[in-house]
Amino acid sequence: MAHYFISDLHLDPSRSHCIEGFLRYLSKIQAGDQLYILGDLFEAWLGDDDDTVFTQTIACALKTCAGTLYFMHGNRDFLLGEAFAKRCDLTLLPEHHQITVGQETILLMHGDSLCTDDTAYIQIRPMLRDPSFQKQLLAKPILERKAIALDARAESQAHTSQTKPAIMDVTPQAVRDVLQSKQCQTMIHGHTHRPFDHQSVLANKIGRRLVLGDWDDEGWHIRESNGTLILEAFAL
Ligand SMILES: [Mn+2]
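Each residue of the sequence shown is one higher than the one before, starting from 45 at the first, in my numbering.
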């Protein structure tokens with residue numbers, strides 16, 4: 045029995061190499077294994093009622109996976125809801141979730157809330173995560189939601205290209221604050237697409253921050269085996 049952590053697959057019908065890689069990945073997960081999907085599994089999520097061949101393919105693969113699956117929202121698939129989760133046997137996790145592996149408590153997050161220098165995004169984030177805003181959005185016809193998602197993506201790309209790379213990374217202060225408030229010394233997150241195993245993130249020289257990579261030319265995961273966490277890339 046092992047734990048696996050992935051994020052930022054950005055699955056989309058146009059990214060067939062990632063879809064195929066993910067289907068192969070799921071088929072290798074065994075009964076008793078736990079797979080944690082830490083957000084941005086999908087490039088965009090219009091709502092659980094957006095039923096396409098693509099969403100059916102992914103739902104079927106998740107549902108038939110032998111392991112136990114957990115899902116945390118990212119900044120792109122924050123509209124994924126209970127209906128889709130139920131259909132795939134996914135357990136939805138809150139935006140901070142702690143698990144215990146061996147002797148160690150690990151804090152799981154998507155990572156977007158740690159990029160506190162990105163003030164434009166940090167300001168709109170509470171609205172995007174607000175259940176009443178989401179309800180209003182989901183009440184719109186799918187075509188209208190699709191147009192809104194395309195606009196948001198174009199705006200996000202423009203914002204990313206105009207923002208200094210350092211601003212799109214987590215801030216040390218945000219990392220320390222969340223680890224201290226959650227009384228935790230190890231965290232795993234994605235979002236920044238900067239895979240790395242950071243040691244000594246706290247003032248007292250302890251603490252560890254493992255960052256997942258996004259799936260594109262290769263896939264990334266963190267594998268836990270016998271209590272040891274290993275960040276690995278693999279061919280898709
Ligand atoms: Mn993200």
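From the three backbone atoms N, C-alpha and C, an ideal C-beta is built for every residue, glycine too. Note that the structure is a prediction, hence the values are computed from the model and not measured.
Output the boundary residues of the alpha helix (DSSP H) element that contains residue i.
i: Ala193; result: 186-206
i: Val97; result: 97-108
i: Thr163; result: 163-172
i: Glu64; result: 60-72
i: Leu182; result: 175-182
In the DSSP output, which residue or residues are listed as bridge partners for residue i?
i: Ala279; result: Glu262
i: Leu114; result: The sequence as given places Tyr at residue 114; Leu does not occur at that position. The partner list for Tyr114 (beta bridge, DSSP) reads Tyr80, Thr135.
i: Ser269; result: Thr272
i: Arg314; result: Since the first and last residues shown for the chain are 45 and 280, residue 314 lies out of range.
i: His141; result: Leu152
i: Leu55; result: Phe86
i: Ile50; result: Ile81
Between which two residues does the beta strand (DSSP E) harbouring residue i extend?
i: Asp241; result: 240-243
i: Met45; result: Unbroken run through Met45: none, as it is neither H nor E.
i: Leu151; result: 148-152
i: Gln217; result: Gln217 -> not in any beta strand (DSSP E); alpha helix (DSSP H) instead, spanning 216-225.
Near residue i, what residues of its chain come up, given a Cβ to Cβ distance below 7 Å and the 5 sequence neighbours on each side ignored?
i: Leu172; result: Phe122
Taking 6 Å as the limit between beta carbons, can you name the residues of its chain near residue i, skipping five residues before and five after?
i: Leu137; result: Tyr114, Met116
i: Asp213; result: Thr236
Report, in whole angstroms, the separation of the C-beta atoms of residue i and residue j, which I expect to be a contact under 8 Å.
i: Ala105; j: Gln74; result: Their Cβ separation, rounded to whole angstroms, is 15 Å, which puts Ala105 and Gln74 out of contact at 8 Å.
i: Gln229; j: Ile250; result: 6 Å
i: His55; j: Glu87; result: Note on residue identity: the sequence assigns Leu, not His, to residue 55. The Cβ separation is near 6 Å, so the contact holds.
Touching by the beta-carbon criterion (3+ pairs, under 8 Å), the region 159-178 and the region 237-245
Short answer: they don't touch.
For the 8 Å Cβ check, are there 3 or more pairs between the region 118-130 and the region 81-96?
yes
Whether or not the region 126-134 and the region 208-225 are in contact is what I'm after, with contact meaning three or more pairs of Cβ atoms, one per stretch, closer than 8 Å; do they touch?
no
Per the contact definition of three or more C-beta pairs closer than 8 Å, is the region 225-236 in contact with the region 141-161?
yes
Stretch-stretch touch, CB-based, cutoff 8 Å, three pairs: the region 257-274 with the region 46-55:
A contact exists between the region 257-274 and the region 46-55.
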